[in-house]
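For reference, the structure discussed in these notes is given below.
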Amino acid sequence: HNNLHNNNIHNNIHNHINNNNENDNNNNQTNNNTENNANKNKESQENVAMGLTAVCENVRNLGKLLGIESNVIEFAVKFVPQAANVLEGKHPNSIAAATIKYAVENAKGEKTGNLTVKKISEEAKISATTLRNAFKHLNSAIKT
């Protein structure tokens, strides 16, 4: 009877150790998944930031090519994060052109010259239709 009792205690201890090891392994796996997700999220945020920086540069370059005053260009740059969100998946040139058009149309009292959709789209190397559609989408999202 003593041997049976000792075997049961030994088995219980062994099972307890195995269960703890399994729990540790599961916790380690969860921690690794959490770290991997955090790293992916950080990479995604860095990619978004790099994308926004690129679009801001596109806006500045396009604005200069079009002869737009620097304060209007900077007004456009302020809308880049919102424009990039509204026009997610669109080419950076389309986002930049739509943002420039939005800024030109909404710059109060600023001289913006005679900037047509055709001129903006040609300088941005996109079609006039692409610019019109992107602008329409952006303009309605910002106005609401």
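Per the numbering used here, the very first residue in the sequence shown carries number 192; after that it's consecutive. Backbone N, C-alpha and C define an ideal beta-carbon position, used for all residues, glycine too.
**OP:** Quick one: using the 10 Å Cβ neighbour count with 16 as the cut-off for buried, is N284 buried or exposed?
**Re:** buried
**OP:** Using three-state DSSP, classify S318 as helix, strand or coil.
**Re:** coil
Original post:
Between which two residues does the alpha helix (DSSP H) containing N262 stretch?
Top reply: 261-269
**OP:** Check whether the stretch 316-328 touches the stretch 252-269, taking contact to mean three or more Cβ pairs, one atom from each stretch, closer than 8 Å.
**Re:** no
Original post:
Roughly how many angstroms lie between the CA atoms of F326 and L257, to the nearest whole one?
Top reply: Rounded to the nearest angstrom, the two C-alpha atoms are 17 Å apart.
**OP:** Please go through the same chain and pick out, in chain order, the residues whose beta-carbon is closer than 7 Å to the beta-carbon of N330, but skip the five residues on each side of it.
**Re:** Y293
Subject >> N276 (DSSP reduced to helix, strand or coil) >> reply: The three-state secondary structure of N276, taken from DSSP, is helix.
**OP:** Have a look at S261 and H282 and give me their C-alpha separation to the nearest angstrom.
**Re:** 23 Å
Subject >> Spatial distance of N249 from K334 (CA atoms) >> reply: In this structure, the alpha-carbon of N249 lies about 23 Å from that of K334.
Original post:
By Cβ distance, which residues of its chain are closer than 8 Å to K316, with the 5 residues on each side in sequence left out?
Top reply: Around K316: N284.
**OP:** Give every residue of the same chain whose Cβ lies closer than 7 Å to the Cβ of L278, excluding the five residues on either side of it in the sequence, and list them in chain order.
**Re:** S285, I286, A289, A325, H328, L329
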